[in-house]
Amino acid sequence: MLACVTTFTLHGVESRRVAVEVDVRSGLPGFTIVGLADRSVRESRERVRAAIQNSGWSMPPSRITVNLAPAHLRKEGPGFDLAVACGLLAAVGQVPAGRLRSVAIYGELALSGELRPCRGVLAVAEGAAAAGLDGIVLPTECAPEAALVEGLGVFGARDLREVAAILRGETDGTAAPARAPSASSAEAPDLSDVRGHRLPLRALTIAAAGGHNMLMSGPPGVGKTMLARRLPSILPPLTRTEAIEVTRIQSVAGRPVAGLITQRPFRAPHHSISASGLVGGGASPAPGEATLAHHGVLFLDELAEFSRSALEALRQPLEDGRVTIVRGQQAAVFPTGFQLVASTNPCPCGHLGTPRCRCAESDVARYRRRLSGPLLDRIDLLVEVRRPAPEDLAAGPVTSSAAERERVLEARERQAARAGRAGAGCNARLDSAGLRRVVQLDDRADTVLRNAYARGALSPRGHDRVLRVARTIADLDGAERVGAAHLLEALALRCEPVQCSEVDGEAA
Amino acid sequence: MIQACDPCLRRTALLGLLAGRIEIARRGGGQLRDVLALPDDELLAAVAGNKARGLAATVPALAAAQRDAARRAGLAAFCRHSDRYPARLRDDRAAPAVLFVAGRPERLAELVGEGEARPPAAAVVGTRRASPEGLEVARLLGRGLSAAGVAVVSGMALGIDGAAHDGALEAGGATVAVLAGGADVPYPLRRRRTYEQIVSRGAVVAEMPPGFHAHPWCFLARNRIIAALADATIVVEAAARSGSLVTTELALELGRDVGAVPGSALSWRAEGVNALLRDGAALIRDARDALDLVVGLDAAARAAAEARAAGPVPAPPDLDPELAELLEAVEAGRDDVESLVGGPGAAASVQAGLMELELMGLVRRLPGGRVVRATGQAG
Chain A
1 MLACVTTFTL HGVESRRVAV EVDVRSGLPG FTIVGLADRS VRESRERVRA AIQNSGWSMP
61 PSRITVNLAP AHLRKEGPGF DLAVACGLLA AVGQVPAGRL RSVAIYGELA LSGELRPCRG
121 VLAVAEGAAA AGLDGIVLPT ECAPEAALVE GLGVFGARDL REVAAILRGE TDGTAAPARA
181 PSASSAEAPD LSDVRGHRLP LRALTIAAAG GHNMLMSGPP GVGKTMLARR LPSILPPLTR
241 TEAIEVTRIQ SVAGRPVAGL ITQRPFRAPH HSISASGLVG GGASPAPGEA TLAHHGVLFL
301 DELAEFSRSA LEALRQPLED GRVTIVRGQQ AAVFPTGFQL VASTNPCPCG HLGTPRCRCA
361 ESDVARYRRR LSGPLLDRID LLVEVRRPAP EDLAAGPVTS SAAERERVLE ARERQAARAG
421 RAGAGCNARL DSAGLRRVVQ LDDRADTVLR NAYARGALSP RGHDRVLRVA RTIADLDGAE
481 RVGAAHLLEA LALRCEPVQC SEVDGEAA
Chain B
1001 MIQACDPCLR RTALLGLLAG RIEIARRGGG QLRDVLALPD DELLAAVAGN KARGLAATVP
1061 ALAAAQRDAA RRAGLAAFCR HSDRYPARLR DDRAAPAVLF VAGRPERLAE LVGEGEARPP
1121 AAAVVGTRRA SPEGLEVARL LGRGLSAAGV AVVSGMALGI DGAAHDGALE AGGATVAVLA
1181 GGADVPYPLR RRRTYEQIVS RGAVVAEMPP GFHAHPWCFL ARNRIIAALA DATIVVEAAA
1241 RSGSLVTTEL ALELGRDVGA VPGSALSWRA EGVNALLRDG AALIRDARDA LDLVVGLDAA
1301 ARAAAEARAA GPVPAPPDLD PELAELLEAV EAGRDDVESL VGGPGAAASV QAGLMELELM
1361 GLVRRLPGGR VVRATGQAG
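Just so you know, the protein sequences line up as chains A and B, in that order. Counted from 1, the first sequence has number 410 at position 410 by my numbering; the numbering is strictly sequential. Take any residue in the second sequence, note its place counting from 1, add 1000, and you have its number in my numbering.
Shown next, in the form of structure tokens:
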């Protein structure tokens, strides 16, 4: 007797359909799983056997063959347990095979027959909807996540017996207890906590308004990390499509997902992270920090301390907004549409420009060289962060997240209107051609730009960066054309004091 | 142009051959200047050990090879019997036998020669591990001295030396770099651009043969050339034990003046210079003080020098009132950009204003988010 069950395996942050075929025939009793299954899938034999027996059925004393198709696709994870068990029960007539044709089955089995939650449920549910199935049977805990997909029947079950009842049409399963979206209730840090730091705050608003990558430089302990953590609070809220993507990624990465994630992610990996930890990797490619920060902020504290290979690996993600990981026969594509915020000390000891600094010119040059090159090319804003003055610490907040977010939203709307359709790329994503289309300098600004270029204050590759930032500043100002004041501020935010540009020149 | 006799060229070749052994002898406690003052045969006997006889046999053939090497490297060479050899070097009993020159030999004569009015020269030296302030001072001194027609002599090292050369190149390029290795070997490599500019507008000199890569003792040996070429040695930032202090000792032995730029009593970079000041070195605050030391009270030279020495770049009379206010605040010492921002709305305009002033050449930005009033000639 033959039964066929539909389930899904994870591939990158998406799912691929897998048909589980179960054949039960007379012969020497045995249980074989074929079809490029990895260890955790092959181990599901034991879990299925125990779960079926502990649920009150008996294993057929026959030869059982399970085939996972398509045969060329590598399958992994414990999510196949439930599909194999259902196929087996259908093959021996315990559940009707007809119902199995229109629903997807996904879940891990405990030996007792209870169901355990799995990662990647949202991706699987989306796959089921895309495959034209009308329902999905999965562990109760995962039901709210699957319910995010519209038009798909979600049947949550606590154990194998309940799954059998659902398949027989006796019940619709157990509704998951409604959980408050705990993730969004946690209070995000607010800009009103910041004292002083008027220039960095201004730069933060510009970064949020234009989606610009930003590098903060300053001595240890002045508040670079504190500032970076507050960037998500002034970014525009996630759209529904973005929120679904973020939730799917979190779920695939195995993080508990209570419901739709509405907050932009903020990821701050430690500088000892490896290249594959940062952009994704592993024997079967898993998303890295760059992907977990998709639609959010990736914060790299102490940028110069990161390993060279990790920083090099960030180039493709920064350039393309996605990264392709190739391992053996499989390639996975992960989205990496994050906004980069980095911080660094100005020199190895961190006190450059003060009498406390003990670093030689050559030490500083070497330290800065670790940052130079293609990575810095993708960073539009360079900001010096200094110790706030004592009177600033005692004074009230400079601004609040609500006020700044309003200005950011207005600026983003202007960008979207210009781009023609809502949600289209922000200023930071403009290429040279797009830049020339949207940046009109007025006469004085044009003179300033020519002057800066002629004086050597601006390199050819710095030219586009400055125009991008100037466009954002003009957007914040509500100006149609880029004026001299906008351009001058953008030039100042490149923040390359003479000494540094000389060092760059020598390294080139 | 090669004006060098065979014995002097042989001497230079011998130093190149024995460089490793001289290093060993120095580490063993030998006084470098005493070693360098020895005649050829005694030098061989002193440092070459059992190889002395073998080496002595090869030496006679080396003069021609040296001449070829210099010609191939495009260097001029003057031995101490040549009238183009800078006469002031002869004050030193251990002066180099041959001086190799990269750049135009006439320019070297202009800078440190013995014309009817012997042109003044000043050495500006200091630590390689300089602070941004120290670099700024070295640059100002280099610029001021060079603008006043005083040749700036230094060692082209990282830090103070290089900044002094850069300053001199900004104002006319009256500067002489004394290298520890061959005159055709730009060392340190990071100063390659400075080297090229000095070759074309000043002069690069060296004692060691063309193509020679310096041993540690060569740096000490070149300090004696710096001290001898200059009428005064000015130290900007030096730690308590420093090569720059070796230069000042040699300068004093040769009867030259020594000046030092004072520093914080708490900074290790100022230990050396402050000790010099305590021992009676002239106190140097700016290019004017340096000129006082070098050209003395020669009124004509001073007048010309002061006309060109560095002061703040004058602001144009039609400066925008807001920018003028900003500039005044910077002049008053508000060097912290953050402190210039009055209220929450002003961050944008202060940034834009400072940038405009920077483009006009009126202020300079320093690392660490600070701004200072720009000095020197505008443009």
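Each residue gets a CB set at the ideal place from its N, CA and C atoms; glycine is no exception.
Check the Cβ of residue i against every Cβ in chain A and list those closer than 9 Å, keeping chain order.
i	result
Leu-1276 (chain B)	Chain A residues near Leu-1276 (chain B): none, gap ~20 Å exceeds 9 Å.
In whole angstroms, what is the alpha-carbon distance linking residue i and residue j?
i	j	result
Ala-1240 (chain B)	Ala-1057 (chain B)	44 Å
Met-59 (chain A)	Gly-156 (chain A)	25 Å
Thr-247 (chain A)	Arg-240 (chain A)	10 Å
Leu-1103 (chain B)	Val-1176 (chain B)	Checking the sequence shown, residue 1103 (chain B) turns out to be Gly, not Leu. When rounded, the distance between both Cα atoms is 10 Å.
Arg-358 (chain A)	Asp-193 (chain A)	33 Å
Leu-318 (chain A)	Thr-291 (chain A)	11 Å
Leu-1055 (chain B)	Asp-1006 (chain B)	17 Å
Ala-417 (chain A)	Glu-480 (chain A)	12 Å
Arg-267 (chain A)	Val-297 (chain A)	6 Å
Thr-32 (chain A)	Gly-79 (chain A)	17 Å
Arg-368 (chain A)	Asp-377 (chain A)	14 Å
Ile-64 (chain A)	Glu-43 (chain A)	15 Å
Ile-1002 (chain B)	Val-1204 (chain B)	16 Å
Leu-1366 (chain B)	Arg-494 (chain A)	13 Å
Ser-184 (chain A)	Ala-1238 (chain B)	With a pLDDT of only 48 at Ser-184 (chain A), under 50, the local geometry of the prediction cannot be trusted, and the value read off the model is given with reservation. Rounded to whole angstroms, Ser-184 (chain A) to Ala-1238 (chain B) spans 58 Å at the Cα level.
Gly-443 (chain A)	Val-482 (chain A)	According to the sequence displayed, residue 443 (chain A) carries Asp and not Gly. In a straight line, the C-alpha of Asp-443 (chain A) is about 10 Å away from that of Val-482 (chain A).
Gly-1149 (chain B)	Leu-1291 (chain B)	10 Å
His-72 (chain A)	Val-66 (chain A)	15 Å
Ala-188 (chain A)	Glu-14 (chain A)	29 Å
Leu-1293 (chain B)	Asp-1257 (chain B)	7 Å
Glu-1023 (chain B)	Asp-1289 (chain B)	38 Å
Ile-1284 (chain B)	Gly-1259 (chain B)	6 Å
Ala-1324 (chain B)	Gly-1167 (chain B)	28 Å
Arg-1278 (chain B)	Val-1125 (chain B)	18 Å
Applying a beta-carbon distance threshold of less than 8 Å, which residues of chain A neighbour residue i?
i	result
Leu-1354 (chain B)	Ala-492
Leu-1043 (chain B)	Simply none; closest approach about 35 Å.
If contacts are defined as beta-carbon pairs under 8 Å, then residue i and residue j qualify, I think. What distance do you get, rounded to the angstrom?
i	j	result
Asp-1163 (chain B)	Ala-1138 (chain B)	Note on residue identity: the sequence assigns Ala, not Asp, to residue 1163 (chain B). That pair is a contact at about 4 Å.
Ala-130 (chain A)	Phe-8 (chain A)	So it is not a contact: roughly 10 Å between Cβ atoms.
Leu-199 (chain A)	Glu-1271 (chain B)	Leu-199 (chain A) to Glu-1271 (chain B), Cβ: 36 Å. No contact.
Val-515 (chain A)	Pro-287 (chain A)	Given a span of 1 to 508 for chain A in the structure shown, any question on residue 515 (chain A) remains unanswerable.
Gly-87 (chain A)	Ala-3 (chain A)	5 Å
For a contact meaning CB atoms closer than 7 Å, what does residue i contact in chain B?
i	result
Leu-488 (chain A)	Ala-1352, Met-1355 and Glu-1356
Arg-198 (chain A)	Glu-1338, Val-1341, Pro-1344 and Ala-1347
Arg-202 (chain A)	Ala-1347 and Ala-1348
Arg-455 (chain A)	Leu-1359
Cys-357 (chain A)	Ser-1131
Can you name the residues of chain A whose CB is closer than 7 Å to the CB of residue i?
i	result
Gly-1369 (chain B)	Glu-384 and Arg-386
Going along chain B in order, which residues have a C-beta closer than 8 Å to the C-beta of residue i?
i	result
Asn-451 (chain A)	Leu-1359
Ala-485 (chain A)	Ala-1348, Ser-1349 and Ala-1352
Val-448 (chain A)	Glu-1356 and Leu-1359
For residue i, return the contacting residues in chain B, with the cut-off set at a CB-CB distance below 9 Å.
i	result
Ala-389 (chain A)	Asp-1336, Glu-1338 and Ser-1339
- Starting from the N-terminal side, write out each stretch of the beta strand (DSSP E) that is 3 residues or longer and does not extend beyond the segment 135-169 of chain A. Fully enclosed beta strand (DSSP E) runs of 3 or longer: 135-139 and 153-157.
- Query: Are there three or more Cβ pairs, one per stretch, closer than 8 Å when the segment 160-177 of chain A is compared with the segment 99-118 of chain A?
  - Reply: Flag = yes, the segment 160-177 of chain A and the segment 99-118 of chain A touch.
- Query: Within the chosen definition, does the segment 248-255 of chain A reach the segment 196-212 of chain A through at least 3 CB pairs nearer than 8 Å?
  - Reply: Segments in contact, no.
- Report yes or no: do three or more beta-carbon pairs, one from the segment 339-354 of chain A and one from the segment 216-232 of chain A, lie closer than 8 Å? Contact between the segment 339-354 of chain A and the segment 216-232 of chain A is established, with three or more Cβ pairs separated by less than 8 Å.
- Counting only runs of 4+ residues fully inside the segment 1169-1251 of chain B, write out the alpha helix (DSSP H) ranges in chain order. 1192-1201 and 1216-1229, all fully within the segment 1169-1251 of chain B.
- Query: Would you call the segment 1019-1038 of chain B and the segment 1205-1216 of chain B touching, i.e. three or more CB-CB distances under 8 Å?
  - Reply: Under the three-pair Cβ rule at 8 Å, the segment 1019-1038 of chain B counts as touching the segment 1205-1216 of chain B.
- Output the residue ranges of the alpha helix (DSSP H) runs that lie fully inside the segment 294-375 of chain A and measure 4 residues or longer, sorted by chain position. Secondary structure remark: continuous alpha helix (DSSP H) runs of at least 4 residues inside the segment 294-375 of chain A, in chain order: 308-313, 315-320 and 361-369.
- Item | Segment contact, 8 Å Cβ cut-off, at least three pairs: the segment 1184-1197 of chain B with the segment 1218-1226 of chain B | Verdict: no, contact absent.
- Query: Can we say the segment 458-474 of chain A touches the segment 1319-1337 of chain B, given the rule of at least three CB pairs closer than 8 Å?
  - Reply: Touching, no, given that fewer than three Cβ pairs across the two stretches are closer than 8 Å.
- Whole beta strand (DSSP E) elements within the segment 1048-1136 of chain B, 3-residue minimum: Uninterrupted beta strand (DSSP E) stretches at least 3 residues long and entirely within the segment 1048-1136 of chain B occur at 1076-1079, 1098-1102 and 1121-1126, given in chain order.
- Query: What are the start and end residues of each continuous beta strand (DSSP E) run of 3 or more residues lying completely inside the segment 29-99 of chain A, in chain order?
  - Reply: Complete beta strand (DSSP E) runs here, min 3: 30-34 and 63-69.
- Message: Quick test of the definition: if touching needs 3 or more C-beta pairs under 8 Å, does the segment 20-31 of chain A touch the segment 260-277 of chain A?
- Response: Note that the segment 20-31 of chain A does not touch the segment 260-277 of chain A; fewer than 3 beta-carbon pairs, one per stretch, sit closer than 8 Å.
- Message: Suppose only complete runs of 3+ residues qualify. What are the beta strand (DSSP E) ranges in the segment 171-243 of chain A, listed by chain order?
- Response: Those beta strand (DSSP E) runs which fall completely within the segment 171-243 of chain A and span 3+ residues are 214-217.
- Return the chain-ordered ranges of every alpha helix (DSSP H) run that is complete within the segment 1254-1281 of chain B and spans a minimum of 4 residues. With a minimum length of 4 residues, the continuous alpha helix (DSSP H) runs that stay inside the segment 1254-1281 of chain B are 1271-1278.
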